[in-house]
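Student:
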Amino acid sequence: MTAWKEFIKGIWDENPVFRMLMGMCPTLAVTNAAINGMAMGLATAFVLICSNIIVALVKRFIPDEVRIPSYIIIIATFVTIADLFLAAYFPEIHKVLGLFIPLIVVNCIILGRAEGFASKNNVWYSALDAVGMGIGFTFALTLLGIIREIMGMGSIFNIAVTSSNFTPWVIFVLPPGAFLTLGIMLWIINSFSKKKTTESHCH
Numbered sequence: 001m002t003a004w005k006e007f008i009k010g011i012w013d014e015n016p017v018f019r020m021l022m023g024m025c026p027t028l029a030v031t032n033a034a035i036n037g038m039a040m041g042l043a044t045a046f047v048l049i050c051s052n053i054i055v056a057l058v059k060r061f062i063p064d065e066v067r068i069p070s071y072i073i074i075i076a077t078f079v080t081i082a083d084l085f086l087a088a089y090f091p092e093i094h095k096v097l098g099l100f101i102p103l104i105v106v107n108c109i110i111l112g113r114a115e116g117f118a119s120k121n122n123v124w125y126s127a128l129d130a131v132g133m134g135i136g137f138t139f140a141l142t143l144l145g146i147i148r149e150i151m152g153m154g155s156i157f158n159i160a161v162t163s164s165n166f167t168p169w170v171i172f173v174l175p176p177g178a179f180l181t182l183g184i185m186l187w188i189i190n191s192f193s194k195k196k197t198t199e200s201h202c203h
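For the sequence shown, our numbering begins at 1 and goes up steadily by one.
Spelled out as structure tokens, the structure:
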């Protein structure tokens, strides 16, 4: 049960975007289309999972004095792998995501999980934690991308889903649309969570 909780918490209860408001730069910058959000989420999840596992494996060999620099080197290694992979096999997506792929190195989600969780737990729990957080982050970015793409372009993953009479709201694919969409989603999620909490107290 504890292992399952480590996995599930990142998807909802401690979702990096909707609950903890972490990783806001890529969340707001690359979610103007569903494919961009998904690609960024998957790249981040790959780095998160791999770095968590390695940190959990080697933590006892790393002196406290160089702990954080060592974690950053581990994270940067997997960011480089993700960057080169996207450049080689998905050049169009790599071009769109641009600088935000290298910036995964300083994403507070990854360093936070390495320092706050992987360095204190075994490999199995660290991997589950990373997978849950990675799924949660990818889900959040993809969902934001889907909403913004529908409203701004009338499509999902570049496939038209609206009628020819639909007039796209261009603001949704512009930077202000990111803040607007995220704000509305946070309001809905918080309202739902408060209602659920109130009902559980009443019962």
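We put the CB at the ideal spot given by N, CA and C, even for glycine.
Can Val-35 and Val-58 be called in contact, C-beta distance under 9 Å?
Tutor: As a first step, residue 35 must be located in the sequence shown, where it is residue number 35. As a first step, residue 58 must be located in the sequence shown, where it is residue number 58. Looking at the sequence itself, residue 35 is Ile, so the reference to Val does not match. Contact flag unset, no.
Student: Might you give, ordered along the chain, the residues of its own chain that have their beta carbon closer than 6 Å to the beta carbon of Phe-78, omitting 5 neighbours on each side?
Tutor: Counting from one through the sequence shown, the residue named residue 78 turns up at place 78. For Phe-78, where only same-chain residues beyond five positions count, the Cβ hits under 6 Å are Val-47, Cys-50 and Ser-51.
Student: Measuring straight from C-alpha to C-alpha, what distance separates Ile-109 and Pro-176?
Tutor: Position 109 of the sequence shown, counted from the start, is the residue given in the question as residue 109. Position 176 of the sequence shown, counted from the start, is the residue given in the question as residue 176. In a straight line, the C-alpha of Ile-109 is about 24 Å away from that of Pro-176.
Student: What residues in its chain sit with their C-beta under 7 Å from that of Pro-102, if we drop five residues either side in the sequence?
Tutor: Position 102 of the sequence shown, counted from the start, is the residue given in the question as residue 102. Cβ within range, chain order: Val-79 and Asp-83.
Student: Looking at the strands, I want to know which residues DSSP matches up with Ile-156.
Tutor: Along the sequence shown, one-based indexing puts residue 156 at 156. According to DSSP, which records beta bridges pairwise, Ile-156 is partnered with Ile-159.
Student: So, helix, strand or coil for Met-1, using DSSP?
Tutor: The sequence position of residue 1 within the sequence shown is 1, counting from 1. A caution first: Met-1 carries a pLDDT of 46, below 50, which makes its placement in the model too unreliable to give a value.
Student: Considering Asp-64, what are the terminal residues of the alpha helix (DSSP H) in which it resides?
Tutor: Here residue 64 refers to the residue found at position 64 when the sequence shown is read from its first residue. Per DSSP, Asp-64 belongs to no alpha helix (DSSP H) and is neither H nor E.
Student: Applying the criterion that 16 or more other CB atoms from any shown protein chain within 10 Å of the CB defines a buried residue, is Val-55 buried or exposed?
Tutor: For the purposes of this step, residue 55 is taken as residue 55 along the sequence shown, with counting starting at 1. Buried, since its Cβ has 16 or more Cβ neighbours within 10 Å.
Student: Identify every run of the alpha helix (DSSP H) within the region 23-79, keeping only runs that are complete inside it and at least 4 residues long; order them along the chain.
Tutor: Correct list: 24-29 and 34-58.
Student: Does the distance from the C-beta atom of Gly-41 to that of Phe-192 stay below 9 Å?
Tutor: If you number the sequence shown from 1, residue 41 lands on position 41. If you number the sequence shown from 1, residue 192 lands on position 192. The answer is no: Cβ separation not under 9 Å.
Student: Spatial neighbours of Val-117 within its chain, please: C-beta separation below 6 Å, excluding the five flanking residues on both sides.
Tutor: Along the sequence shown, one-based indexing puts residue 117 at 117. Going by the sequence as given, residue 117 is Phe instead of Val. Cβ within range, chain order: Asp-129.
Student: Which of helix, strand or coil does DSSP assign to Asn-190?
Tutor: Sequence index remark: in the sequence shown, residue 190 carries index 190 (1-based). It is helical.
Student: Report the three-state DSSP secondary structure of Ile-184 (helix, strand or coil).
Tutor: In the sequence shown, the residue the question calls residue 184 occupies position 184. Helix at Ile-184.
Student: Grab me the residues of Gly-23's own chain with a C-beta within less than 8 Å of its C-beta, minus the 5 sequence neighbours each way, in chain order.
Tutor: Taking the first residue of the sequence shown as position 1, residue 23 is located at position 23. Around Gly-23: Pro-16, Val-17, Thr-44, Asn-107, Cys-108, Ile-109 and Phe-137.
Student: Mind checking Thr-31: buried by the 16 CB within 10 Å criterion, or exposed?
Tutor: As a first step, residue 31 is located in the sequence shown; it is residue number 31 there, counting from the start. Thr-31 comes out buried.
Student: Could you tell me if Tyr-205 is buried or exposed, where buried requires 16 or more neighbouring beta carbons within 10 angstroms of its beta carbon?
Tutor: This structure gives no information on residue 205, because the portion of the chain shown stretches from 1 to 203.
Student: Excluding five sequence neighbours on each side, which residues of the same chain lie with their C-beta closer than 6 Å to the C-beta of Ile-104?
Tutor: Residue mapping note: residue 104 aligns to position 104 of the sequence shown, counting from 1. Hits under 6 Å: Thr-44, Val-47 and Val-79.
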